[in-house]
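According to this note's numbering, the sequence shown is numbered sequentially starting from 133.
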Amino acid sequence: MGYRILRTLLLTLILGVFTALSAQNEPAARASYGDYLIMGLVHRGDLPVNPFRITSLAEKEIAQLIFGYGLTKTPDKYGSPPPLIGPPINKPEDSKYRIWEFALARGVSFHDGSEFRNKDVIFTFSFLKKFGGYLFNRNLDFRNVLRISPGQGDLEVVFELRDPDPDFLRKLADIPILPEKYYAEAMAVGHAAFAVQPPIGMGPFRLDIQTPTEIVMVHHPFYHAGRPFLDGVRVILFEDEQELLDALVEGRIDYLELPDPGTARRLHSLLRKRIGIFPVPRHEQTVTTLLFNVNHGPLASIPVRQAIDMALNRQTMVDRFMPDYAEPAYSLLGSDDPHFYKKISTKKFNPRLAQELLAKEGWVVDPRTGILTRDGVALSFKLYFSRNSSLEESLVRTIKLELGELKINVEPVPIPNFRKAAHLAQNDYQAMLYEYAFLPDYLLEGFSNFYGEALGGRSSHRNYRNRYMDRLFEMLQQGKTSPDRIYQRLQMFMETERPAIFLFFNKTILVALDQRFEQYRSAFREGTRQYARMNPIENWFVPRDKQKY
């Protein structure tokens, strides 16, 4: 028992020292408090501030700035701040990974001044166990937690699991901890509490103002890793990409993520001395797709969709618009992924075979219009894409030209990017350029969401319906099949029926940032490659003589 107490004290002391050291910065940086970071984002309407119902990466990042990073943080485009827990106090393997005990960091406070204690951890995970939640494509399901209890004192917590889980520590990551006293009513009303109470967390910034066009956060003066250098962060919301780029050129924003290298080159030549542009590896899997409404006229035909696929040259698209930053896609997964369906052809481009397939299906050129027709119906469809998006405009132009070689007519239809989700949900489109992103660590949810939402398999206005896949997902919930079978079968049906075409993976984030900021990057290595990840925003600073706001 004495050894166990000593071990707990040592772990707590180490966490406290780590936290204190993280707040110690160079004297020059210490003198550089002040200024705001102005970020730009394409979005319309309020961004919900609910840390447990996150639908986009932008929402996740804003929630982390306010609520904190959780007990630990998974590295993504930002590096990880000091964790709030140490390694398990016990040896989980001794309990067959059913008992996990942790010591919590000292000196951590919430925005309302209350101190972080084990009761807050117990409250947070009890809330998730009762009401659930989601973080992008990750389901926050803690029903396997049998009970959560305090250990010795108020800085130790014990998780007891129903079933063994060697991976439990990873599942604690990225889940913000709520102050139990402030959110006590949430245990009765659930997620509705976040809509009526101003958000309070332990993040480096607290919410100050929120409107449909702007979010303003101010620094948390008692942040456990040291007071952020910046006075605050503003997020300005724009309707489309062109408005966002105009704001950067006019100096109204400091930070944005660029859509493609071509845009980056144009901005660099225009704003050479004012902004820096640099790449950051993309943690999430992001794939650009061409979605079909399989209930629309000619697109209801599988051979037509197969012919369209064969007529599109993915490699040319990558080389022309995303060189060095993307790679061709033939599935939700890269061909080197162990779950990739090996029967998928990665050599699809064959316009001659596409032409023969359409002829075999009875499509002939109407001499009056020059478009393929069959039984008086033209092979024509409307292609929705994001308005004022330079990348999507270029892709649509390429698709129209390549399909035009087969005498297929494509009618481009620009729409606001934020309206795409509504068109998908209502099955109100014929074809659409759509960027789908998911966290690869939660692959099953990524596949499930793509089938249910992007393809409309579970929408109230159903698009692509596959009874076999519906049954497989039901069997998975009943424990009668494995996730591997889901991965293989959905990829197989995507290959044979083509309800969507995968074009390319976007592997890199291109960041544009005003040059006055410093200490925003940190180097790290993955295998033999050297990368630069961004430091957490609370570590960024602006020298006093360069401060703008």
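C-beta: ideal position from N, C-alpha, C; glycine also.
Inter-residue Cα distance where the pair is residue i and residue j
i    : j    : result
A655 : G211 : 10 Å
L402 : T421 : 31 Å
M666 : L533 : 39 Å
K539 : D441 : 14 Å
F673 : N549 : 33 Å
N276 : S227 : 15 Å
H471 : T478 : 15 Å
P393 : M454 : 6 Å
L464 : Q623 : 8 Å
R648 : A586 : 40 Å
D306 : V426 : 38 Å
S246 : P360 : 19 Å
E373 : G333 : 31 Å
R603 : R621 : 12 Å
P668 : P215 : 13 Å
E577 : N271 : 7 Å
R366 : D167 : 11 Å
P330 : K303 : 27 Å
P430 : P544 : 17 Å
A190 : R597 : 30 Å
E629 : K480 : 14 Å
E567 : I194 : 21 Å
R294 : D378 : 54 Å
N715 : Y315 : Nothing can be reported for residue 715, as the shown portion of the chain is limited to 133 through 681.
N520 : T395 : 12 Å
D386 : D507 : 56 Å
L399 : R414 : 21 Å
D560 : I547 : 12 Å
F242 : F337 : 10 Å
A163 : R676 : Because A163 sits at a pLDDT of 49, beneath the cut-off of 50, its placement in the model cannot be relied upon, and the following sentence gives the value as read from the coordinates. Cα to Cα, the separation comes out at about 8 Å.
W495 : H323 : 53 Å
F370 : S518 : 13 Å
R406 : I641 : 20 Å
P73  : T345 : The shown model of the chain, from 133 to 681, leaves out residue 73, and the question about it has no answer.
A644 : N671 : 18 Å
F579 : E416 : 14 Å
Residue closest to residue i, alpha-carbon to alpha-carbon, out of the options
i    : options                : result
K492 : L380, Q438, N445, P455 : Q438
Q487 : A443, I217, P470, Y516 : A443
Y652 : A190, S592, K209       : K209
R404 : V419, P413, V381       : V381
A553 : L169, F184, S188       : S188
T418 : P460, F255, L369       : P460
M607 : I618, L377, N598       : I618
E627 : P411, N445, I476       : I476
M220 : P183, L431, V290       : It is worth fixing the name first, because residue 220 is Pro in this sequence and not Met. Checked all of P183, L431, V290; the closest Cα to P220 is V290.
F326 : F570, V181, I531       : V181
D469 : D616, S258, T345, A432 : D616
G358 : G589, S614, Y165, N520 : Y165
A318 : G588, D252, A190       : D252
D340 : A320, Y355, F354, D363 : D363
P572 : T206, L490, G218, I641 : T206
F650 : R594, E375, L523, K678 : The question names Phe, but residue 650 is Glu in the sequence shown. It is K678 whose Cα lies nearest to the Cα of E650.
V436 : P308, H351, H356, A632 : A632
G172 : P391, F184, A664       : P391
A664 : P311, V412, V348, R384 : V412
K680 : G383, Q558, H356, F570 : G383
L260 : D244, V321, H352, S580 : V321
H352 : D244, F582, F605       : D244
Nearest-angstrom Cβ-Cβ length linking residue i and residue j, presumed shorter than 8 Å
i    : j    : result
Y457 : K262 : No, Y457 and K262 are not in contact; Cβ-Cβ is about 43 Å, not under 8 Å.
F637 : G466 : 6 Å
Y462 : F634 : 6 Å
F268 : I186 : 6 Å
R238 : L287 : 6 Å
H428 : F513 : 7 Å
L504 : L485 : Their Cβ separation, rounded to whole angstroms, is 16 Å, which puts L504 and L485 out of contact at 8 Å.
Buried/exposed call for residue i, threshold 16 Cβ in 10 Å
i    : result
E158 : Its pLDDT being 45, under 50, E158 is placed unreliably by the model, and the measurement read from it follows with that caveat. That one is exposed.
Q688 : Since the first residue of the chain shown is 133 and the last is 681, residue 688 is not available in this structure.
A235 : buried
A160 : Any reading at A160 needs caution, since the residue's pLDDT is 46, under 50, leaving its predicted position unreliable; the model's value is listed next. Label assigned to A160: exposed.
Y600 : exposed
L565 : buried
L575 : buried
K474 : exposed
L511 : buried
**OP:** Kindly confirm or deny that the segment 515-532 and the segment 444-461 touch, where touching means at least three C-beta pairs closer than 8 Å.
**Re:** yes
**OP:** Would you check if there are 3 or more beta carbon pairs closer than 8 Å linking the segment 196-204 to the segment 273-283?
**Re:** no
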